[in-house]
Amino acid sequence: MFKRVCGKTLLVVAALLSAPGPGTLAQQPPAYAAQGATQCLSCHDFGPESPVHGVLAGSHGLAGDAAAMAGRRGCEDCHGPSAAHTAAPLRTAPAVSFGPRWGAGGDAQDERCLSCHSGDTARHWRDSPHRAGDVRCVACHDIHTRDRVLFDERQAEVCTVCHDDQGSGIHGMQARVSRNPPCSDCHSPHSGEGVAARMLDNRSQGCSHCHDLVRMATRASVSATAKSYHKVMTQPDRTCLDCHRGIAHEAAGSMGD
Numbered sequence: 032m033f034k035r036v037c038g039k040t041l042l043v044v045a046a047l048l049s050a051p052g053p054g055t056l057a058q059q060p061p062a063y064a065a066q067g068a069t070q071c072l073s074c075h076d077f078g079p080e081s082p083v084h085g086v087l088a089g090s091h092g093l094a095g096d097a098a099a100m101a102g103r104r105g106c107e108d109c110h111g112p113s114a115a116h117t118a119a120p121l122r123t124a125p126a127v128s129f130g131p132r133w134g135a136g137g138d139a140q141d142e143r144c145l146s147c148h149s150g151d152t153a154r155h156w157r158d159s160p161h162r163a164g165d166v167r168c169v170a171c172h173d174i175h176t177r178d179r180v181l182f183d184e185r186q187a188e189v190c191t192v193c194h195d196d197q198g199s200g201i202h203g204m205q206a207r208v209s210r211n212p213p214c215s216d217c218h219s220p221h222s223g224e225g226v227a228a229r230m231l232d233n234r235s236q237g238c239s240h241c242h243d244l245v246r247m248a249t250r251a252s253v254s255a256t257a258k259s260y261h262k263v264m265t266q267p268d269r270t271c272l273d274c275h276r277g278i279a280h281e282a283a284g285s286m287g288d
């Protein structure tokens, strides 16, 4: 009898020692939703959360593109593995939330974007003035709708929310008209490169691609002589800003002849 009791006791002790402790369970990586984006969209189809369906019409929603979110984990490419959220959507936040209810920290949000975009136009974002000023990707971009900053005619609406002093200038006014210059023609929002350095690097293309077209001069009443005046544009160490510094943001009535 004693041997049987001792044997059972040893088995129980061995089982307890081999069982995962409370810390072990916490170390398990978060799981992805079993049905992916289909499970997400089954709830996010009404009320203030409904705009999420717009992602399917943009580049992030291209199902046949292995580089797009729809070709991988869908919504969880940006929001992280969120099986816990789909199991209890009113009590548990997604792994990374961009909304007002469970907003994640700005760094966590940006890193989700940079997990794909760190090799393209946003490769210098971590060192940019916008990032240093605590401006986040989602402050300008919205992948659930027709992203305004990616369309020239609406980009200035986003930029002048903060850069309101420039909104009254001639280019600020023109940018609100379809097919006229967006802020990013001259400014790089994703890096710390100044306008002068950028203009020197691309031979003033920010100016000349508009100011060298007769049709542009006819439609917007702008000068079309950028590439010929004084032959400055043939000199590799000169840019339009050598003479026209600041003119891009002057008010239309103050520009003179």
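Following the numbering used here, the numbering of the sequence shown begins with 32 at its first residue and continues without gaps. Glycine is no exception: its CB is placed at the ideal position from the N, C-alpha and C atoms.
From the listed residues H202, T191, R104, the smallest Cα separation to C241 is found for H202. Taking all protein chains in view, the Cβ of T117 is crowded by 16 or more other Cβ atoms within 10 Å, so the residue is classified as buried. Ranked by how close their Cα comes to the Cα of C106, the residues A119, L121, C74, R122 have C74 in first place. For the pair A135 and L145, the CB atoms are not nearer than the 9 Å cut-off. Annotation: the continuous alpha helix (DSSP H) that includes A115 extends over 114 to 118. With a cutoff of 9 Å on beta-carbon distance, D178 and W156 are scored as not near each other. Ranked by Cα distance from V83, the options S235, L121, F129, A114 are led by F129.
No residue range can be given for D151, since it is assigned to no alpha helix (DSSP H) and is classified by DSSP as neither H nor E.
The three-state secondary structure of G200, taken from DSSP, is strand. The three-state secondary structure of D76, taken from DSSP, is coil. When the beta-carbon positions are compared, G237 and P212 come within less than 9 Å of each other. By the Cβ neighbour-count rule, T270 is buried, with 16 or more other Cβ atoms within 10 Å of its own. Just measuring C-alpha positions, the residue of P60, S90, R276 sitting nearest I174 is S90. Residue state for L121 is assigned as coil, using DSSP reduced to three classes. Around the beta carbon of C274, fewer than 16 other beta carbons sit within 10 angstroms, so the residue counts as exposed. With respect to the C-alpha of R185, the residue from V166, R162, S215, C168 having the closest C-alpha is S215. Rounded to whole angstroms, the Cβ separation of A126 and G111 is 3 Å, and the two are in contact under 8 Å. When DSSP states are grouped into helix, strand and coil, V166 belongs to the coil group. Here S146 carries a helix assignment [DSSP, helix/strand/coil]. For a cut-off of 8 Å, the C-beta gap from V192 to V180 is around 11 Å, too long to register as a contact.
Distance between A64 and W133, taken at the CA atoms: about 18 Å.
When DSSP states are grouped into helix, strand and coil, R104 belongs to the coil group.
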